[in-house]
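Novice: Line order of the protein sequences matches chains R and E. So the first sequence is numbered by my numbering: it starts at 3 and just counts up by one. So the second sequence is numbered by my numbering: it starts at 27 and just counts up by one. Where a beta carbon is used, it is the ideal one built from N, C-alpha and C, also for glycine.
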Amino acid sequence: MFTGLMLNTWITATAVAVIAGVTGFFAVLRGSSFAAHAIPNGAFAGAAGASLLGLNPFAGLAAFSVAGALGIAGLGRRARHDVATALTFVMMLGLGALFVSWSTEYAQQAYSLLFGEVFGVAADEVLPIVALGAASIAAIAVMFRPLMLSSALPEVAEARGVSARRMELAFLLVMALATSMTVPVVGALLMFSLMIGPAAAARSVTARPLAAIGLAVGIALVTVWTGIVASYQTNWPLGFFVGVLGGVFFLFGRAYGAGRRRMAVRTAAA
Amino acid sequence: MAELLRLDGVGVRLGGREILRDVSFTIAPGEFTGLIGPNGAGKTTLLRVILGLQPVATGAMLLNGSVGYVPQKLAIEPDTPLRVRDVVGLGLDGHKLGIRLPSRARRERVNEMLTAVGAQRYANARIGELSGGEQQRVMIAHALIARPRLLLLDEPLANLDIASVGGIVSVLARLARAEGTAVLISAHDMNPLVPVMDTIVYVASGRAAVGSTDQVVQPEVLSRLYGQHVDVLRVHGRILVVAAEETGAVPADAEHVTAAG
Ligand SMILES: Nc1ncnc2c1ncn2[C@@H]1O[C@H](COP(=O)(O)OP(=O)(O)O)[C@@H](O)[C@H]1O
Ligand SMILES: [Mg+2]
Numbered sequence: 003m004f005t006g007l008m009l010n011t012w013i014t015a016t017a018v019a020v021i022a023g024v025t026g027f028f029a030v031l032r033g034s035s036f037a038a039h040a041i042p043n044g045a046f047a048g049a050a051g052a053s054l055l056g057l058n059p060f061a062g063l064a065a066f067s068v069a070g071a072l073g074i075a076g077l078g079r080r081a082r083h084d085v086a087t088a089l090t091f092v093m094m095l096g097l098g099a100l101f102v103s104w105s106t107e108y109a110q111q112a113y114s115l116l117f118g119e120v121f122g123v124a125a126d127e128v129l130p131i132v133a134l135g136a137a138s139i140a141a142i143a144v145m146f147r148p149l150m151l152s153s154a155l156p157e158v159a160e161a162r163g164v165s166a167r168r169m170e171l172a173f174l175l176v177m178a179l180a181t182s183m184t185v186p187v188v189g190a191l192l193m194f195s196l197m198i199g200p201a202a203a204a205r206s207v208t209a210r211p212l213a214a215i216g217l218a219v220g221i222a223l224v225t226v227w228t229g230i231v232a233s234y235q236t237n238w239p240l241g242f243f244v245g246v247l248g249g250v251f252f253l254f255g256r257a258y259g260a261g262r263r264r265m266a267v268r269t270a271a272a
Numbered sequence: 027m028a029e030l031l032r033l034d035g036v037g038v039r040l041g042g043r044e045i046l047r048d049v050s051f052t053i054a055p056g057e058f059t060g061l062i063g064p065n066g067a068g069k070t071t072l073l074r075v076i077l078g079l080q081p082v083a084t085g086a087m088l089l090n091g092s093v094g095y096v097p098q099k100l101a102i103e104p105d106t107p108l109r110v111r112d113v114v115g116l117g118l119d120g121h122k123l124g125i126r127l128p129s130r131a132r133r134e135r136v137n138e139m140l141t142a143v144g145a146q147r148y149a150n151a152r153i154g155e156l157s158g159g160e161q162q163r164v165m166i167a168h169a170l171i172a173r174p175r176l177l178l179l180d181e182p183l184a185n186l187d188i189a190s191v192g193g194i195v196s197v198l199a200r201l202a203r204a205e206g207t208a209v210l211i212s213a214h215d216m217n218p219l220v221p222v223m224d225t226i227v228y229v230a231s232g233r234a235a236v237g238s239t240d241q242v243v244q245p246e247v248l249s250r251l252y253g254q255h256v257d258v259l260r261v262h263g264r265i266l267v268v269a270a271e272e273t274g275a276v277p278a279d280a281e282h283v284t285a286a287g
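(1) List in chain order: all unbroken alpha helix (DSSP H) runs of 4+ residues lying wholly within the segment 53-123 of chain R.
(2) Mind checking the segment 184-215 of chain R against chain E and listing, in chain order, the residues whose C-beta falls within less than 7 angstroms of any C-beta there?
(3) Please look up how many angstroms separate the CB atoms of R:L1 and R:S105, rounded, as I've assumed it's under 8 angstroms.
(4) Assuming R:A203 and R:G255 are in contact, meaning their beta carbons sit under 8 angstroms apart, how far apart are those beta carbons, in whole angstroms?
(5) For the segment 155-167 of chain R, enumerate the residues whose C-beta is nearer than 9 angstroms to any C-beta of chain E, in chain order.
(6) Taking the beta strand (DSSP E) that E:M87 falls in, what are its first and last residues?
(7) Using a cut-off of 9 angstroms between C-beta atoms, extract the partners of R:P148 located in chain E.
(8) Among E:R152, E:T239, E:L108 and E:G206, whose alpha-carbon lies nearest the alpha-carbon of R:L151?
(9) From E:A169 to E:R163, what does the alpha carbon distance come to, in whole angstroms?
(10) When you check each C-beta in the segment 247-265 of chain R against every C-beta of chain E, which residues fall closer than 7 angstroms?
(11) Quick one: any contact between the segment 192-201 of chain E and the segment 42-50 of chain E, if contact means 3 or more CB pairs under 8 angstroms?
(12) For R:A64, which residues of its own chain have a beta-carbon under 7 angstroms away from its beta-carbon, when the five flanking residues on both sides are left out?
(13) Does any C-beta atom of chain C lie closer than 8 angstroms to the C-beta of E:T106?
(14) Shorter than 7 angstroms, the distance from the beta carbon of E:R43 to the closest heavy atom of ligand 1, or not?
(15) Checking contacts by CB at 8 angstroms: is R:V226 closer than that to chain E?
(16) Within 8 angstroms of any Cβ in chain E, is that where the Cβ of R:A140 sits?
(17) Can you give me the Cβ contacts of R:L134 inside the same chain, cut-off strictly under 6 angstroms, excluding the 5 residues immediately before and after it?
(18) Output needed in chain order: residues of the segment 66-90 of chain E with a Cβ under 7 angstroms from some Cβ in chain R.
(19) Under DSSP, the beta strand (DSSP E) around E:Y228 begins and ends at which residues?
(20) Who are the neighbours of E:L33 on chain R, taking C-beta pairs under 8 angstroms?
(21) Here's the rule I'm using: 16 or more other beta-carbon atoms within 10 Å means buried, otherwise exposed. How should E:L40 be labelled?
(22) Taking the alpha carbon of E:V114 as the reference point, which residue from E:P104, E:G94 and E:I125 has its own alpha carbon closest?
(23) Identify the residues that DSSP records as bridge partners of R:I139: which are they?
(24) Which chain R residues are close to E:R109, counting only those with a beta carbon under 9 angstroms from its beta carbon?
(25) Can you tell me whether E:L33 is helix, strand or coil according to DSSP?
(26) Please report how far the alpha carbon of E:G237 lies from the alpha carbon of E:T59, in whole angstroms.
(27) Which residue wins for smallest C-alpha separation from R:G70, given the options R:A178, R:R79, R:G62 and R:A143?
(28) Following a CB-centred definition, is E:Q244 positioned closer than 7 angstroms to any heavy atom of ligand 2?
(29) Who are the Cβ neighbours of E:D279 in its own chain at under 6 angstroms, not counting the five residues just before and after it?
(30) Using a 10 Å radius around the Cβ and a threshold of 16 neighbouring Cβ atoms, would you call E:D180 buried or exposed?
(31) Between which two residues does the alpha helix (DSSP H) containing E:S249 stretch?
(32) Check whether the Cβ of R:M145 lies closer than 8 angstroms to any Cβ atom in chain E.
(33) Three or more C-beta pairs closer than 8 angstroms, one from the segment 149-162 of chain E and one from the segment 76-83 of chain E: is that the case here?
(34) To the nearest angstrom, how far is it from the Cα of R:M145 to the Cα of R:I21?
Structure below.
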């Protein structure tokens, strides 16, 4: 379970969980869960287009996730955030449907882009994913404070010269960067669950921002590692285990948060 | 002159409509100014001009120092993982790129600000779980920690209970005097501010009247401003601006009572 191909699986899954935990924290903080869904899922159209043209699917994924980020940020200047995301998403899905219909042997590849091929990671895929993960985390570290300020207190941030529009664009581009490498490995649906579930659970548990990021990464790691073992043993898809574990952690976090609040009320009353 | 802020004949148009016309006033260091006017008068718009977020159609704005800003209301969810002390810390350097390492000096400065606004009791609480008055105190600490020369506050007293209003006004007055920070605070009810205001900027019908409370809150001055006859009543130490006819120009809320008939 820890040799050869499986070692690649463990390394990439770990990198993906770290990326997902960090970017997911900000996606939930900013209320951008829908964009976190739309960018990886819409990007698969790019892979479909690339394979149609005989290009590397990574190039297509990168082009479409960046185009998705630009589309959401650009339309978001004129429309509500969720509407802008939805419009961008359906445009990408529409193109994806067209590309798939033109191609004859694409169905199998589309399936793996949605659900991942985590057990078939090639050795030469490991390094780019780890490098890109490091790059997106470095980018988030550089813009950490303005991103935090702009996400939590957008009006104050604007008044201090931190443009909400520019922060939105920068954050979506980081998400696109992270997505384009991780989607072929874990799949678009898995990337989405790993971004949102752990981050949502973590913020119910701790009020400290850095601790919440650390906890989101921890939960994402436990989720994929447990998922890999369970999937290896049962032959059931990894996506199933990651989805279920995400839900379980979220409910745990909520119950913990509710319990904490009840304790606080009782302490205040005493 | 050593003035901090000067507005010279400022006019603002929004969506093809003239919102403000020929607004002129100055603020000196340490001065406490009330920006008073009914809802929709253009108070928030004027604050946005000073923050550089709203371009002017006419006139000019000259600002001679750093500005702190407390927005009208936070839109933040109760379970947002951000503690009161994190919010105050972001006031120090939240706009800067890169990572900062925690330091004792920084922690002490945050604690000092929390004590100054009376928020140390809930320093580790989530910002989203606090009441409106508590959030205002935290945002005042957030704005003041970087030691701005001018503090702008947009209706910090709206929707607060009487005790919180008194508490926040006295915190502001004390900090302004102690640190020499000039304060420009908007409100639709001038009454809680009358004891502490040096200057009043009264906006209505797109224009502004400027002076001391006694100079501006006069029937002739406000009638000219509103473009209709208004009376100024002083009842139980409170000032009420009352329109003779119900035209809608002078709003009929608790603070600007419209006489019936
Ligand atoms: N973006 C905008 N486009 C058009 N009109 C606006 C816009 N923002 C505000 N207004 C109008 O400008 C006027 C002043 O608004 P505002 O400055 O918010 O008033 P106040 O803060 O005194 O209640 C109001 O009549 C409002 O409807
Ligand atoms: Mg306003």
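Specialist: In short:
(1) 59-77, 83-104 and 109-117
(2) R205, S206, T208, A209, R210, P211 and A214
(3) This structure leaves residue 1 of chain R out entirely; chain R is present only between 3 and 272.
(4) 3 angstroms
(5) L155, P156, E157, V158, A159, E160, A161, R162, G163 and V164
(6) T84 to L89
(7) G120, H121, K122 and L123
(8) E:L108
(9) 10 angstroms
(10) G259
(11) no
(12) S182
(13) Looking at the structure shown, chain C is missing, and the protein chains on hand are R and E.
(14) yes
(15) no
(16) no
(17) M183
(18) L77 and L79
(19) T225 to A230
(20) The premise fails here: E:L33 is roughly 17 angstroms from chain R at the closest Cβ pair, so nothing lies under 8 angstroms.
(21) exposed
(22) E:G94
(23) BP columns for R:I139 are empty, so no partner.
(24) A209, R210 and P211
(25) strand
(26) 10 angstroms
(27) R:A178
(28) no
(29) Its pLDDT being 45, under 50, E:D279 is placed unreliably in this model, and the coordinates cannot settle the point.
(30) buried
(31) P245 to Y252
(32) yes
(33) no
(34) 15 angstroms
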